[in-house]
Amino acid sequence: MSLARDNEYEWKIVKKSLETPDTYTYSFSPATSSQRFSFTVGQSVVLSVMLRRPTKSGQDDVSLVQRAYSIASSPYRDIIDLTIKDEKPYGYINPVSGKADGFAAYFFEQIKIGDKVRVRPNINRHHFLWKIADGIERDIAYWSGANGAESARSLLQFMEDTKKEDMRLTLFYSNPHLYQDNEAKFVNVIYYDWLIQMAKKMENFQVIFNFTKDQEIQPTDHTRVTYRKGRFFLDEKGKEEKTLSRYHGNSEAFNPICGSSGFINGTVRLPDGRIERKIGIMQNLTNIEGVKPEKIDKEQYYLDLASTK
Ligand SMILES: Cc1cc2nc3c(=O)[nH]c(=O)nc-3n(C[C@H](O)[C@H](O)[C@H](O)COP(=O)(O)OP(=O)(O)OC[C@H]3O[C@@H](n4cnc5c(N)ncnc54)[C@H](O)[C@@H]3O)c2cc1C
9 MSLARDNEYE
19 WKIVKKSLET
29 PDTYTYSFSP
39 ATSSQRFSFT
49 VGQSVVLSVM
59 LRRPTKSGQD
69 DVSLVQRAYS
79 IASSPYRDII
89 DLTIKDEKPY
99 GYINPVSGKA
109 DGFAAYFFEQ
119 IKIGDKVRVR
129 PNINRHHFLW
139 KIADGIERDI
149 AYWSGANGAE
159 SARSLLQFME
169 DTKKEDMRLT
179 LFYSNPHLYQ
189 DNEAKFVNVI
199 YYDWLIQMAK
209 KMENFQVIFN
219 FTKDQEIQPT
229 DHTRVTYRKG
239 RFFLDEKGKE
249 EKTLSRYHGN
259 SEAFNPICGS
269 SGFINGTVRL
279 PDGRIERKIG
289 IMQNLTNIEG
299 VKPEKIDKEQ
309 YYLDLASTK
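Numbering (this note's numbering), first residue to last: 9 to 317.
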């Protein structure tokens, strides 16, 4: 049963877990039983919180700030997880408004275990992964950017909870580097250890980690865990030839893609504000592998900045 005002619910934070140096998973419990709602894999929520943020004039500004987050846990579990990555640096001031306009850095700083937040579920019938939630698609090649595996985590937990052996998932997980810095060896890949454990445990799941900027690639110690340099198979002249979809091995598979605009379709905002359009994994799948549009689904988290590449 759910009772919500304006489709808004109240959740309490019960746990905060560090994923990588700039990412935490927050676990939530509905504040009362009437604040629980049912959801399906791929669904997202909008979080609303009051945050104190700096302005150019030096005075702090307190206002209600909202951001969307994919639900990262199984629909069958009591506790709901959201994984939040800080993309915009703490203290960044928007040059036009003269105010800090980030969310994650201030959420990490000010929102504590025990605090309550407001959440609004995305009730669009055709949300990300709805075809999987409806049982239409079961053979899945999921393409994730460095921030984009949250719905894959929900799906994997869902597969674990429901023991759906007719489902198959390959997670193609693209990150610039495995470690934040090679000396400290801080892993910079969200869910890294958990994904390896799950691949070792579940025969219908494999993970392909691909690193776009690392030179040294780790050898694998398990058939369902693969490490690759770059996002392509190369021809004998070193030219990008095929995507990594061969690891999944079914041209009819369903291909959800999740991450930033640059990852999905090569779109970035230039420092002068103009939008530049190149190509991303979506066009690669369509043009190189011949994947049909109805076999692609996408969730874009934000527009990439060219200068941050
Ligand atoms: C449907 C949906 C689901 C989402 N799910 C998730 C999720 O599960 N987890 C998650 O972490 N995020 C998710 N997001 C993105 C999320 O809403 C936030 O954008 C993200 O957490 C970053 O928050 P932020 O406060 O750091 O940056 P924001 O204020 O949200 O700004 C992000 C923007 O900052 C820009 N940026 C990056 N570096 C800099 C820089 N140096 N200077 C200035 N700008 C910079 C980026 O290009 C990007 O456009 C989702 C978004 C959508 C639309």
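Positions of the beta carbon are idealized from the N, C-alpha and C atoms, including for glycine.
Item, Value
"Phe115 (DSSP reduced to helix, strand or coil)", "helix"
"Heavy atom of ligand 1 within 7 Å of Pro265 beta-carbon", "One detail in the question is off: residue 265 reads as Ile in this sequence, not Pro. No, ligand 1 has no heavy atom inside 7 Å of this Cβ."
"Run of the beta strand (DSSP E) containing Met58, from where it starts to where it stops", "Ser52 to Pro62"
"Contact test: Ile92 Cβ vs ligand 1 heavy atom, cutoff 7 Å", "yes"
"Distance, Ile101 Cα to Arg161 Cα", "33 Å"
"Length of the line joining the Cα atoms of Arg126 and Asp142", "27 Å"
"C-alpha distance - Gln324 paired with Met175, whole-angstrom precision", "Beyond the ends of the chain as shown, which are 9 and 317, falls residue 324; an answer cannot be given."
"Any non-hydrogen atom of ligand 3 within 7 Å of Leu72 CB", "Among the ligands in the structure shown, ligand 3 does not appear; only ligand 1 can be found there."
"Assigned secondary structure, Asn102 (DSSP; H/G/I helix, E/B strand, else coil)", "coil"
"Complete runs of the alpha helix (DSSP H) confined to the stretch 147 to 204 [at least 4 residues]", "158 to 170"
"Element boundaries [beta strand (DSSP E), containing Ile296]", "That residue, Ile296, is in no beta strand (DSSP E); it is neither H nor E in DSSP."
"Beta-carbon spacing of Gln51, His134 below 8 Å", "no"
"Status (buried if at least 16 other CB within 10 Å, exposed otherwise) for Gln67", "exposed"
"Phe116 CB to nearest heavy atom of ligand 1 below 7 Å", "no"
"Nearest-angstrom Cα separation, counted from Pro29 out to Ser65", "30 Å"
"Helix, strand or coil at Asn258 according to DSSP, with G and I counted as helix", "coil"
"Touching by the beta-carbon criterion (3+ pairs, under 8 Å), the stretch 260 to 267 and the stretch 232 to 247", "no"
"Any non-hydrogen atom of ligand 1 within 7 Å of Asp189 CB", "no"
"Same chain, Cβ closer than 8 Å to Asn130, neighbours up to 5 away in sequence not counted", "Gln51, Ser52, Val53, Val54 and Ala76"
"Residue-level contact to chain C via CB, Phe116, 8 Å cutoff", "In summary, chain C is missing from the structure at hand, where a single protein chain is found."
"Phe271 (DSSP reduced to helix, strand or coil)", "helix"
"Straight-line Cα distance separating Lys286 from Leu26", "34 Å"
"Residue from Ala154, Ala192 and Ile148 whose Cα sits closest to the Cα of Glu173", "Ile148"
"Assumed close pair Ser35, Val22 - CB separation to whole angstroms, cut-off 8 Å", "5 Å"
"Whole-angstrom C-beta distance between Gly156 and Phe47, which should lie under 8 Å", "Actually they do not touch by this definition, with Cβ atoms about 19 Å apart."
"Close-in-space but distant-in-sequence residues of the same chain around Trp151 (CB under 6 Å, 5 per side omitted)", "Phe180, Ile265 and Ile289"
"Local Cβ density within 10 Å of Glu302, reported as buried at 16 or more and exposed below that", "exposed"
"Check: Glu27 C-beta below 7 Å from any heavy atom of ligand 1", "no"
"Proximal residues to Gln74 (C-beta, below 7 Å), its chain only, five neighbours per side dropped", "Val54, Leu55 and Ser56"
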